[in-house]
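What follows is a set of notes on a single structure, which appears directly below.
Residue numbers (this note's numbering), protein chains in the order written: chain A, 149 to 501; chain B, -12 to 105.
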């Protein structure tokens, strides 16, 4: 069990900055994120895009902002559970919480902060009627263990890198690989596109372009997919298969958090913005893009502000008997949990006789 | 010869929402807005179901079908092509509305918001 003062769900810029503000108050943080690296959207979606509205930075790349935040919070030694999604929350008798991830990692903290942005990134599911019924019965959106496809018939759909790369990989071990794509052009790395073309010519990948999988068939498990060609003369074809793997990228979903009993409005978590960004469940806060209130702006700078306010309230919650006085880093410096110390240089005092 | 702009330069855009209802709305050309932002400002699609990525052509939640003026729209960027390639319910007249700036030339534009997908 991981124990910490503040458990932050979401390691985007807001969650990372919360570590700093908490650290100034001597509170330790641990972060959970479904993505394999910290930074949230800034790292996953647009690391090379410039941001122009971070106060004090006329221009900064999203990736650099994350690097800077990681550097800034280093003295406060945050813990990370990456590549796992916060799944369930259990309130303990003493008012603290246990949050368990989809991989079973348990975290115990008196304060939970949801800084989940748009939610966790989940595979996009194509709108094929009845596809849910075949999940784990032949339909998979993520390839976890390629070995289960050995000597099987597989249909992959999609035109991006993951569709291309998995088609190439599985062509070696599967009995038969079909790659179905809506168009003729593929948007992956040139190497991968050329490799697929080559394997297609060798008959190792059955390339079906200008076509879409529109229906799934099978009694207890997937037995075939219906492929519709754009060319009406070719019409539809029923393709026997053991597996159908649609690979259409990721999209953010609020996910299991939506079932935690929090008040949700406009796909975001309602918070008390007149005070401390606490949710309807005492002890659970929501900051950054994931929250909503009248006048909410989904800006990184607003997330930073919310993080600072939230930490004061969290401090009071964790230390009800202590009175905290806000200190300026310029005056008090920064004392890390790692023993590091940053402070303004003292002026040299010298008498002039 | 450029246009001489008035103080207010609104254009009319007709937007068919996901329920099939048509709304003709005023859209300002002088506020650096795009079509997705216009749809959001009139709340013609529930928050959280449109413009999720904020307008960076990175989520396809603002996909619309352009019912006219297709030849007058800016060319698709590589990012938009990529995203539409992964989106669902895509048609030949599909565009990401966040990539369509509101300009005076688009007065009378008619669009339909594409369905959401999971």
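Built from N, CA and C at the ideal position, the CB exists for glycine as well.
Under 8 Å from the C-beta of residue i: neighbouring residues of chain A
{"i": "residue 46 of chain B", "result": "399, 400"}
{"i": "residue 39 of chain B", "result": "266, 399, 400"}
{"i": "residue 104 of chain B", "result": "272, 273, 274, 275"}
Cβ-Cβ separation, residue j to residue i (assumed contact under 8 Å), whole Å
{"i": "residue 340 of chain A", "j": "residue 313 of chain A", "result": "6 Å"}
{"i": "residue 479 of chain A", "j": "residue 264 of chain A", "result": "Incorrect: roughly 34 Å between the Cβ atoms, too far for contact."}
{"i": "residue 43 of chain B", "j": "residue 82 of chain B", "result": "No, residue 43 of chain B and residue 82 of chain B are not in contact; Cβ-Cβ is about 15 Å, not under 8 Å."}
{"i": "residue 271 of chain A", "j": "residue 39 of chain B", "result": "About 16 Å; that fails the 8 Å criterion."}
{"i": "residue 403 of chain A", "j": "residue 267 of chain A", "result": "5 Å"}
{"i": "residue 21 of chain B", "j": "residue 84 of chain B", "result": "7 Å"}
{"i": "residue 448 of chain A", "j": "residue 221 of chain A", "result": "15 Å between Cβ atoms; not a contact."}
{"i": "residue 257 of chain A", "j": "residue 245 of chain A", "result": "6 Å"}
{"i": "residue 223 of chain A", "j": "residue 486 of chain A", "result": "6 Å"}
Helix, strand or coil at residue i [DSSP, three-state]
{"i": "residue 433 of chain A", "result": "strand"}
{"i": "residue 452 of chain A", "result": "helix"}
{"i": "residue 474 of chain A", "result": "coil"}
{"i": "residue 75 of chain B", "result": "coil"}
{"i": "residue 496 of chain A", "result": "coil"}
{"i": "residue 151 of chain A", "result": "strand"}
{"i": "residue 439 of chain A", "result": "strand"}
{"i": "residue 164 of chain A", "result": "helix"}
{"i": "residue 289 of chain A", "result": "coil"}
{"i": "residue 98 of chain B", "result": "strand"}
{"i": "residue 227 of chain A", "result": "strand"}
{"i": "residue 391 of chain A", "result": "strand"}
{"i": "residue -11 of chain B", "result": "Only weak support exists for where residue -11 of chain B lies, its pLDDT of 46 falling under 50; the value from the coordinates is given anyway. Residue -11 of chain B: coil per DSSP, three-state reduction."}
{"i": "residue 281 of chain A", "result": "helix"}
{"i": "residue 460 of chain A", "result": "helix"}
{"i": "residue 313 of chain A", "result": "helix"}
{"i": "residue 426 of chain A", "result": "strand"}
{"i": "residue 86 of chain B", "result": "helix"}
{"i": "residue 488 of chain A", "result": "coil"}
{"i": "residue 479 of chain A", "result": "helix"}
{"i": "residue 398 of chain A", "result": "strand"}
{"i": "residue 376 of chain A", "result": "strand"}
{"i": "residue 368 of chain A", "result": "coil"}
{"i": "residue 501 of chain A", "result": "coil"}
{"i": "residue 420 of chain A", "result": "coil"}
{"i": "residue 156 of chain A", "result": "strand"}
{"i": "residue 271 of chain A", "result": "strand"}
{"i": "residue 263 of chain A", "result": "coil"}
Proximal chain A residues relative to residue i, where beta-carbon distance stays under 9 Å
{"i": "residue 34 of chain B", "result": "413, 414, 415, 416, 440"}
{"i": "residue 78 of chain B", "result": "Per Cβ cutoff of 9 Å: no residues; residue 78 of chain B is ~11 Å from chain A at best."}
Cβ shell of residue i (< 7 Å), same chain only, five flanking positions each side left out
{"i": "residue 491 of chain A", "result": "481"}
{"i": "residue 190 of chain A", "result": "160, 161, 210, 211, 213, 214"}
{"i": "residue 435 of chain A", "result": "162, 166, 261, 263, 425, 451, 454, 455, 458"}
{"i": "residue 107 of chain B", "result": "The structure shown has nothing for residue 107 of chain B, since chain B only spans -12 to 105."}
{"i": "residue 300 of chain A", "result": "322, 323, 390, 391"}
{"i": "residue 336 of chain A", "result": "308, 309, 312"}
{"i": "residue 101 of chain B", "result": "50, 51, 52, 76, 81"}
{"i": "residue 91 of chain B", "result": "-10, -4, -2, 16"}
{"i": "residue 217 of chain A", "result": "161, 164, 165"}
{"i": "residue 420 of chain A", "result": "426"}
Partners in chain B for residue i, counting only beta-carbon separations shorter than 7 Å
{"i": "residue 307 of chain A", "result": "72"}
{"i": "residue 396 of chain A", "result": "73"}
Under 9 Å by beta carbon: chain B residues contacting residue i
{"i": "residue 331 of chain A", "result": "72"}
{"i": "residue 335 of chain A", "result": "65, 68, 69, 72, 73"}
Proximal residues of chain A, C-beta to C-beta of residue i below 7 Å
{"i": "residue 20 of chain B", "result": "Within 7 Å Cβ-Cβ: nothing; residue 20 of chain B doesn't reach chain A, min ~16 Å."}
{"i": "residue 56 of chain B", "result": "Within 7 Å Cβ-Cβ: nothing; residue 56 of chain B doesn't reach chain A, min ~24 Å."}
Contact with chain D by residue i, beta-carbon distance below 8 Å
{"i": "residue 369 of chain A", "result": "Protein chains A and B are contained in the structure displayed, whereas chain D is not."}
Under 8 Å by beta carbon: chain B residues contacting residue i
{"i": "residue 446 of chain A", "result": "41"}
{"i": "residue 193 of chain A", "result": "40, 43, 45"}
Residues of its chain near residue i, where Cβ-Cβ distance is below 6 Å and the 5 sequence neighbours each way are ignored
{"i": "residue 385 of chain A", "result": "375"}
{"i": "residue 500 of chain A", "result": "none"}
{"i": "residue -11 of chain B", "result": "Note that residue -11 of chain B scores a pLDDT of 46, beneath 50, so its modelled location is shaky; the value from the coordinates is reported in the next line. So no residue of the chain qualifies."}
{"i": "residue 77 of chain B", "result": "71"}
{"i": "residue 327 of chain A", "result": "304, 315, 353, 355"}
{"i": "residue 360 of chain A", "result": "330, 376"}
{"i": "residue 156 of chain A", "result": "163, 166, 177, 179, 261, 263"}
Proximal residues to residue i (C-beta, below 8 Å), its chain only, five neighbours per side dropped
{"i": "residue 343 of chain A", "result": "312, 316"}
{"i": "residue 370 of chain A", "result": "282, 285, 286, 287, 364, 389, 390, 391, 392"}
{"i": "residue 383 of chain A", "result": "376, 377"}
Handout entry: 4 or more residues per run - each alpha helix (DSSP H) lying fully within the region 168 to 218 of chain A
Key = 189 to 192
Problem - Length at least 3, wholly inside the region 326 to 366 of chain A: the beta strand (DSSP E) runs in chain order - result: 353 to 357, 359 to 365
Exercise for the section: Kindly provide the ranges of any beta strand (DSSP E) runs that are 3 or more residues long and lie completely inside the region -4 to 63 of chain B, ordered along the chain. Expected result: With a minimum length of 3 residues, the continuous beta strand (DSSP E) runs that stay inside the region -4 to 63 of chain B are -3 to 3, 9 to 15, 50 to 53.
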